[in-house]
Amino acid sequence: MRTPTGICPRPPRPAVWLPTTPRWARTGAHLIRSSYTAGLAHADAPLLRGALENFATGLWLLDGQGA
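When we follow this note's numbering, the leftmost residue of the sequence shown carries the number 461, and every step to the right adds one.
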């Protein structure tokens, strides 16, 4: 079937395509996945911060001018 503009309309989606899981389950899975990804992406930041703090403390102690 063609419209006056010549573009075929999109047929309605069958009921098989409708999601079978509740919305809260999909939202929870998305939040868990994004939190896990963010945690992996920023895992190096705490390690680097800990290394820099230890390095700075070592330099401060070796400096000898502390109180």
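Where a beta carbon is used, it is the ideal one built from N, C-alpha and C, also for glycine.
Three-way DSSP call (helix, strand, coil) for residue i in this model
{"i": "residue 498", "result": "helix"}
{"i": "residue 470", "result": "coil"}
{"i": "residue 510", "result": "helix"}
{"i": "residue 488", "result": "helix"}
{"i": "residue 518", "result": "helix"}
{"i": "residue 505", "result": "helix"}
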